[in-house]
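Numbering (our numbering), first residue to last: 1 to 236.
The beta-carbon is built from N, C-alpha and C at its ideal position, and this holds for glycine as well.
See structure below.
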Amino acid sequence: MVARNEQNLIFLTLYVIGVAYTFTKMIESIDDKIKFIYEKKIVDDQLKDKNLQDDIGISFRLSPSYFIDELKELSVSIENKSKNQALYVDWDNCSLVVEYSKQSRRVIRKSPDLTRDLAVPQSLSLIAPTKTLSAAVAAEDVFKLDELTKTYQVNTPLINIKTLEKSPVKAQRLLYQDFIDRKQELKFSLQLVLRISELRVGLVPGENKPTMCIVDCPFTIKKLPWYYAMPWNKRR
């Protein structure tokens with residue numbers, strides 16, 4: 001009887017160790033998961049202030065969560081809601097601004113073709129009335145030259161949070177730790193430069209409409225808690 005009890009105790013101990021190991025691995029697998037939140041209301045308020053809420057719509061396609069170094073580009077959709085005005089996106093004057101570094105980075109619209117020269121000026125994209133343009137954009141500094149194909153490819157994160165961890169600036173190292181501990185959030189924004197014109201006369205302002213507007217599209221980055229890995233939280 002004593003031997004059986006000891007055997008049961010061994011099995012129970014192994015079971016508890018197995019459960020604890022699985023639970024620990026599950027926590028580790030979610031430990032570096034983050035979430036990007038598009039602050040749509042702020043954008044809608046800007047458009048309303050410019051009297052453009054009925055002419056322009058801006059949205060982004062984002063996953064519920066990402067690994068900390070996973071997001072390398074933004075998928076943006078810009079809708080021309082008007083019926084008689086042309087909307088142009090001036091990519092060369094758009095920028096991506098990271099709050100913690102105060103950097104303003106040139107935006108590159110990813111082309112379906114291979115990117116061979118980042119220095120070439122980017123053509124304006126025309127969005128016809130009642131149509132929507134969808135594009136993938138990244139910052140110029142995330143493109144690296146592939147020596148084999150001699151083309152530029154995106155191979156670094158759009159917001160390289162990991163660089164804060166070993167930054168020579170103490171404030172940035174502390175910011176990284178506070179972010180990991182979920183005490184701080186990180187912020188950045190995509191600044192879109194849009195031009196509006198009447199279709200029949202070219203690049204001329206419409207009535208009560210600006211010829212050009214800058215729309216600041218802010219994002220908040222949150223560190224997700226470990227319990228996000230639970231099955232009932234998959235859709236959060």
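Exclusion of the five residues before and after Ala-138 leaves Lys-72, Glu-73, Ile-108, Lys-110, Val-154, Leu-158 as the residues of its chain whose Cβ lies within less than 7 Å of its Cβ. Contact annotation: Lys-81 and Asp-55 have beta-carbon atoms nearer than 7 Å. In this structure, DSSP gives Glu-140 a helical state, which the three-state scheme calls helix.
For a cut-off of 8 Å, the C-beta gap from Thr-220 to Lys-166 is around 24 Å, too long to register as a contact. Exclusion of the five residues before and after Phe-67 leaves Asp-32, Lys-33 as the residues of its chain whose Cβ lies within less than 7 Å of its Cβ.
Looking only at Glu-99, Trp-91, Val-142, the smallest Cα-Cα distance to Ser-125 is reached by Trp-91. Only residues of its own chain outside the window of five on either side were considered, and among them Ile-68, Asp-69 have a CB closer than 7 Å to the CB of Lys-162, listed in chain order.
Contact between Lys-150 and Ile-180 is ruled out by a C-beta separation of about 38 Å, above the 8 Å threshold.
Of the residues Ala-135, Ser-134, Arg-106, the one whose Cα lies closest to the Cα of Pro-121 is Arg-106. At a cut-off of 4 residues, the continuous stretches assigned as alpha helix (DSSP H) that sit fully inside the segment 140–204 are 162–165, 170–180.
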